[in-house]
Amino acid sequence: MGGGLQEEGKIWYNGEFVDWKEAKVHVLSHGLHYGSGVFEGIRCYATEKGSFIFRLKEHMDRLYRSADLYKMEIPYSKEEVKEAAKETIRINGLDACYIRPIAFYGFHHLGVNPADCPVDCAIAVWRWGAYLGEEALESGIRCTLSPWRRIDPNTLPVTAKATGHYLNSMLAVQDAKERGFDEAIMLDNSGYVAEGPGENIFAVKNAILYTPGAESSILPGITRSSVIELAQDIGYEVVEKPITKEELLSADELFFTGTAAEVSPIREIDNVTIGEGKRGEVTGDIQRKFFDVVNAKEEKYMRWLEPVYE
Ligand SMILES: Cc1ncc(COP(=O)(O)O)c(C=O)c1O
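Under the numbering used here, the residues of the sequence shown are numbered 9 to 318, in order.
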């Protein structure tokens with residue numbers, strides 16, 4: 009996430025707006041000790057037609073589904089949290105930003121069973137550019153196959169976007185950075201390609217797109233499902249299937265998708281050049297379409313954009 013966050017403005021915290029510096033938790037919060045939280049990462053884009061949140065409904069649906077998978081009851085309706093997200097942007101006077109809603113078990117006792125712990129909720133927003141850098145969107149990034157396997161569905165509900173799950177991502181990112189790469193790619197427990205620590209992955213071969221499906225321990229990304237729809241709309245065939253390491257390394261093109269990464273080409277894996285070692289044609293097509301959509305330039309996809317100031 010780059011540099012430190014600016015400590016200014018307001019954070020929505022349990023139904024109220026509090027100063028950034030006052031949005032604190034107790035050190036004995038359940039969520040801190042056991043990673044028992046669920047969260048979302050959402051983007052709001054500044055466009056010529058105003059500020060729009062990309063697929064807010066789908067992000068809220070995933071937040072509540074993540075909570076359900078952990079039997080956590082968020083004490084606000086989806087509609088209330090949606091409205092709170094928009095109001096947080098307005099109160100902070102932002103036009104483009106990243107939005108981070110989180111719900112976690114708070115302070116009551118420290119038994120592992122969270123029963124009777126309150127569910128605390130917060131929404132923070134901040135200005136944010138390209139996650140992997142503007143340059144990455146054009147030239148692509150250098151990745152490594154992680155020695156850490158992606159968490160397994162027999163261990164954790166991998167489709168939940170839960171705070172504790174990110175220890176797995178953290179280890180993969182730390183290892184990749186230590187070895188001089190921009191980002192990691194994790195395999196699943198069976199050795200098939202899963203995803204990045206915070207991104208889904210697509211391979212292109214002979215102008216067909218391939219991406220790992222639910223059986224590969226992925227987080228069902230909202231950018232991923234958007235890209236599948238947009239690629240099909242352009243006229244590309246998209247196949248969801250387990251992808252081997254060999255298929256990955258011999259792809260014509262590879263790219264990551266994610267709220268943070270948007271559509272980022274991958275030009276190298278462990279010093280093996282992918283395709284021509286730069287953004288490929290298909291990736292370019294998809295990236296253009298994606299940015300047109302989030303920038304409110306495609307009437308057909310305005311249904312994916314939630315206006316903030318209205
Ligand atoms: C592990 C993981 N995979 C994939 C994604 C991409 O999901 P989305 O496109 O919904 O941001 C994310 C980001 O939320 C993630 O953390």
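We treat Cβ as the ideally placed atom computed from N, Cα and C, and that holds for glycine.
Predicted, not measured: the structure shown is a model, and the values here were computed from it.
Residue of E318, E91, C105, D128 minimising C-alpha distance to K32: Numbered from 1 along the sequence shown, position 24 holds the residue referred to as residue 32. Minimum Cα distance to K32 is reached at D128.
Any alpha helix (DSSP H) of 4 or more consecutive residues that is wholly inside the stretch 14-43: 38-42
Contact set for E143: own chain, Cβ-Cβ below 8 Å, skip 5 residues either direction: Counted from its first residue, the sequence shown places residue 143 at position 135. For E143, where only same-chain residues beyond five positions count, there are no Cβ hits under 8 Å.
Contact between the stretch 281-300 and the stretch 16-35 (3+ Cβ pairs under 8 Å): no
Proximity test, P205 beta-carbon vs ligand 1 heavy atom, cut-off 7 Å: Residue numbering aside, residue 205 sits at position 197 when the sequence shown is read from its first letter. Yes, ligand 1 has a heavy atom inside 7 Å of this Cβ.
Cross-strand partners of F210 (DSSP beta bridge): Sequence index remark: in the sequence shown, residue 210 carries index 202 (1-based). F210 is bridged to F263.
Pair within 8 Å by beta-carbon distance, L71 and A93: As a working mapping, residue 71 is identified with position 63 in the sequence shown. As a working mapping, residue 93 is identified with position 85 in the sequence shown. No, the Cβ-Cβ distance between L71 and A93 is not below 8 Å.
Short Cβ contact (8 Å threshold) for K324 with N100: There is simply no residue 324 to check, as the chain begins at 9 and stops at 318 in what is shown.
Sequence-distant residues of the same chain with beta carbon closer than 6 Å to G10, five excluded per side: Residue mapping note: residue 10 aligns to position 2 of the sequence shown, counting from 1. Model confidence at G10 stands at a pLDDT of 49, short of 50, so the residue's coordinates are unreliable and nothing is read from them.
Residue from E81, R311, A215 with nearest C-alpha to G114: Start at 1 with the first residue of the sequence shown, and residue 114 comes out as number 106. Among E81, R311, A215, the Cα nearest to that of G114 belongs to E81.
Three-state secondary structure (DSSP) of I50: Translated into the one-based positions of the sequence shown, residue 50 becomes position 42. Three-state result, I50: strand.
Stretch pair the stretch 184-198 + the stretch 211-218: three plus CB contacts closer than 8 Å: no
For F115, three-class secondary structure by DSSP: Here residue 115 refers to the residue found at position 107 of the sequence shown. Note: F115 maps to coil in three-state DSSP.
Cα-Cα separation between M310 and E270, rounded to whole angstroms: Residue 310 sits at position 302 when you count from the first residue of the sequence shown. Residue 270 sits at position 262 when you count from the first residue of the sequence shown. For M310 and E270, the distance between alpha carbons rounds to 18 Å.
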